[in-house]
Structures are given as C-alpha cells and as structure tokens.
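Enquirer: Here the working numbering is used: the sequence shown runs in plain steps of one and ends on residue 316.
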Amino acid sequence: MDLEDKVALVTGGAQGLGRSFVEILLKNGAKVAIIDVNESLGNELKVTLNQEYGPDRTEFYTADVTSEEQFKGVFQKVVEKYGQIDIVCNNAGIINENDWEKAIAINLGGVVRGTYLALDHMKKDKGGKGGVIVNVASLAGLGPLFPTPVYTATKHGVVGFTRAMAGVSTLANHGVRINILCPGFVNTNLVTLFSSEEHVGRFLHLRNLSEKILEQYGVMETDHVAKAFLVLVKDETKNGEALMVHVDGAAFYSFPKQVKDFPSTKVNL
Ligand SMILES: NC(=O)C1=CN([C@@H]2O[C@H](COP(=O)(O)OP(=O)(O)OC[C@H]3O[C@@H](n4cnc5c(N)ncnc54)[C@H](O)[C@@H]3O)[C@@H](O)[C@H]2O)C=CC1
Ligand SMILES: CCCCC/C=C\C=C\C(=O)C/C=C\C/C=C\CCCC(=O)O
48 MDLEDKVALV TGGAQGLGRS FVEILLKNGA KVAIIDVNES LGNELKVTLN QEYGPDRTEF
108 YTADVTSEEQ FKGVFQKVVE KYGQIDIVCN NAGIINENDW EKAIAINLGG VVRGTYLALD
168 HMKKDKGGKG GVIVNVASLA GLGPLFPTPV YTATKHGVVG FTRAMAGVST LANHGVRINI
228 LCPGFVNTNL VTLFSSEEHV GRFLHLRNLS EKILEQYGVM ETDHVAKAFL VLVKDETKNG
288 EALMVHVDGA AFYSFPKQVK DFPSTKVNL
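1) Could you work out which residue in 286, 258, 305 is closest to residue 192 when comparing CA atoms only?
2) Thinking just about the alpha-carbon of each residue, which of 120, 101, 100, 133 is nearest to the one in residue 108?
3) Taking the DSSP output, what are the residues bridged to residue 267?
4) Just to confirm, does residue 276 get its C-beta within under 8 Å of one of the non-hydrogen atoms of ligand 2?
5) Any heavy atom of ligand 3 closer than 8 Å to the CB of residue 113?
6) Let's test the definition: count the other Cβ atoms within 10 Å of the Cβ of residue 221 and tell me whether it reaches 16, buried, or not, exposed.
7) Between the beta-carbon of residue 64 and the beta-carbon of residue 183, is there less than 9 Å?
8) Write down every uninterrupted run of the beta strand (DSSP E) in the segment 198-242 whose length is 3 residues or greater and which is fully enclosed by it, in chain order.
9) Is it the case that the segment 161-181 contacts the segment 84-97, given that we only count it when at least three CB pairs across the two stretches are under 8 Å?
10) With which residues is residue 58 paired in a DSSP beta bridge?
11) Which whole runs of the alpha helix (DSSP H) in the segment 132-164 are 4 residues long or more, in chain order?
12) Note down, in chain order, each residue of its chain lying with its Cβ closer than 7 Å to the Cβ of residue 212, except the 5 sequence neighbours on either side.
13) Quick one: residues in its chain with C-beta nearer than 6 Å to the C-beta of residue 264, no 5 flanking neighbours on either side, listed in chain order?
14) In its own chain, which residues sit with a C-beta less than 6 Å from the C-beta of residue 275, not counting the 5 before and 5 after it?
15) Classify residue 9: buried if its beta carbon has 16 or more other beta carbons within 10 angstroms, exposed otherwise.
16) Specify whether the segment 121-132 and the segment 150-157 touch according to this definition: at least 3 beta carbon pairs, one from each stretch, less than 8 Å apart.
17) Are residue 110 and residue 142 closer than 9 Å when you measure CB to CB?
18) Using DSSP bridges, identify the partner residues of residue 293.
And the structure:
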C-alpha cells in the first residue's frame, strides 16, 4: 500500500508506541487522526506534528475507546475532515491487574470496537474503499507474561479476535486486511511505571521476577517497533498475520493451520 494521501487513525497515539506509529505514517505521506484520553498531550502533539509535517496533516480527538458514542463520533469527524479512512491502528492499552475489568474493556473491548467501526467505514462490499487494520497485541498475546495474567489474557484475546476477523474479511470480500503487532518490551510509560501497585495489583510480590524477565528479553525503542508496524500496513500479502518484534529484528509467528495440527501428546480415554 502506498501511503501518499492515505488517511490513518491511531488510538492511544498521544505518546509511547502510538506516537511513533503516527510519526512513521506521516513520514510516509499519510494524514493522521490521533485518538487519546490524554487531551493536553494530544493537543500539544498535534501542534508539534503540524509544524514538522505540514499544516492540517494531523488532527487530535479526545475519546475513550471504551465509549461507543465517543469512538463512533470520532470516526464520523475524521471522515468529515479528511473524506475517507484507509488505515486504523487499534493501539490504546493499559496494564492494570488491580482494576482488571478496566484493562479488559480497553485492551480487548477497545480493539473489538475499533475493528468493527473501521470495517463499517472501509469494507468494499458496503461501498467502502478497503484498507488495513493493525491491532496491537504483544508477545504476551502469544505466551504468558506471569506477573500480568489479565493483561496476558487481553492480548491473547486480541490475537484470537483478529485472526478470526481476518478470515471473515476474506470470506466476505471486505477488501480489508487485519493484522496483529506483537512487540516485546518497549521503552514507554507502560514499562517505566510498571511496578506501581495500580499496575501490578495482587502480584506486587513478583517484582523481582519482572526485573529478571525484562533483563532476559531486553527493552526496545519505539521507532524500532514502528518499522515493523509499517510492514503490516504496507505489505498487501499479509492478512491475519502476527508480527513479533524483538530487540534484534522481527518475525512472523507460525500458527499451525488448524488446532488439530498443534503438537500434542495423545491421551487414551
Ligand atoms: N510498552 C511495551 O513494552 C509494550 C506495549 N504494548 C502495547 O502497545 C500499546 C501502547 O502501549 P505503550 O505505548 O507502551 O503505552 P503508553 O502508556 O505509553 O501509551 C498508551 C496511550 O494510550 C492512551 N489510552 C489509555 N487508555 C485509553 C482509552 N481508554 N482510550 C483512548 N486512549 C487511551 C494513553 O492515554 C496513552 O497515551 C498497548 O496496547 C500496549 O499493551 C505491547 C507490547 C509491549
Ligand atoms: C515482567 C513485566 C515487566 C514490565 C511489564 C510492562 C510492560 C509490558 C508490556 C508487554 O506487552 C509485554 C511485552 C513482552 C512480553 C514478553 C514475554 C511474554 C512471552 C513469554 C514467552 O516467551 O512465552
């Protein structure tokens, strides 16, 4: 996909990974709508990016991805302003093992809602022009991150939901590719503020283990992950794929074609 004059929407784009996704889209010629609950940071970023990449290339909208009314309203405003939506990145996410219902609502509910709203606007079988959706999971969407079981569950949910929806999109001729980004640890607030009680909840006693896991995997910078994000946006051959991002590169995860092909040990009943 050539990004020149395409219109993208990035949730949780005011800082961290989302901000780097916004910037790489702008560098490649797209216009970008940023959605975030952090109004001051979002407005500040919009001004900075419009100075750097040209007036009106970036717009900021305050919205919570858990609110159908707010999120739907933003899609409508983006279409009114830019005339179309071609790329959607469902990136907003938190770690909160204390208020785990909130974590599920944002990390999984927000991705489901954002995917459905994106399809409503983009699917070719309903008059749209097609496009691409990137849902941000994590390596914790493919294997367990022990100190964060609910976060792990939400990210596994994003992987399962996205793979199923990618299949639906193909079967229904939506003309929309839907892929999953699975980064390892990245240098953002999510990692640096992790050990607070709010984030860790009942797993505070596993703090030492967390430090060991972080050391083992290493921590990446956001611009490294943004390069992998761009692959999922641009590569027209990829649909329903999960791209893992490690400190030393990226690789597509190989899912067995069907569950019956998973490696298994037989049990006699
Ligand atoms: N930092 C890391 O090590 C990794 C992060 N991820 C995922 O990447 C995504 C982005 O995370 P980071 O940039 O690290 O976090 P971050 O905390 O730096 O940025 C997240 C942004 O999302 C916004 N946000 C939170 N709740 C929201 C809501 N309900 N509606 C709209 N916006 C909301 C925040 O205001 C913030 O600007 C998350 O889904 C996270 O799970 C995945 C793998 C590793
Ligand atoms: C140990 C917790 C430290 C800080 C957690 C903060 C942010 C984490 C964000 C993530 O999305 C997790 C990123 C990578 C997970 C790494 C490994 C999980 C998979 C384990 C496996 O190899 O099976």
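Note that the Cβ used here is the ideal one computed from N, Cα and C, for glycine as well.
Expert: This is what the structure holds:
1) Of the listed residues, the one whose Cα sits closest to residue 192 is 258.
2) That would be 120, whose Cα lies nearest to the Cα of residue 108.
3) 233
4) The answer is no for residue 276.
5) Ligands present in the displayed structure are limited to ligand 1 and ligand 2, and ligand 3 is not among them.
6) buried
7) In this structure, residue 183 lies closer than 9 Å to residue 64 by Cβ.
8) 223-230
9) no
10) 82
11) 147-151
12) Non-local beta-carbon contacts of residue 212 in its own chain, meaning distances under 7 Å to residues more than five positions away in sequence, involve 162, 225 in chain order.
13) 231, 232
14) 290, 292, 297
15) Limits of the chain in this structure are 48 at one end and 316 at the other, which puts residue 9 out of reach.
16) no
17) no
18) 296
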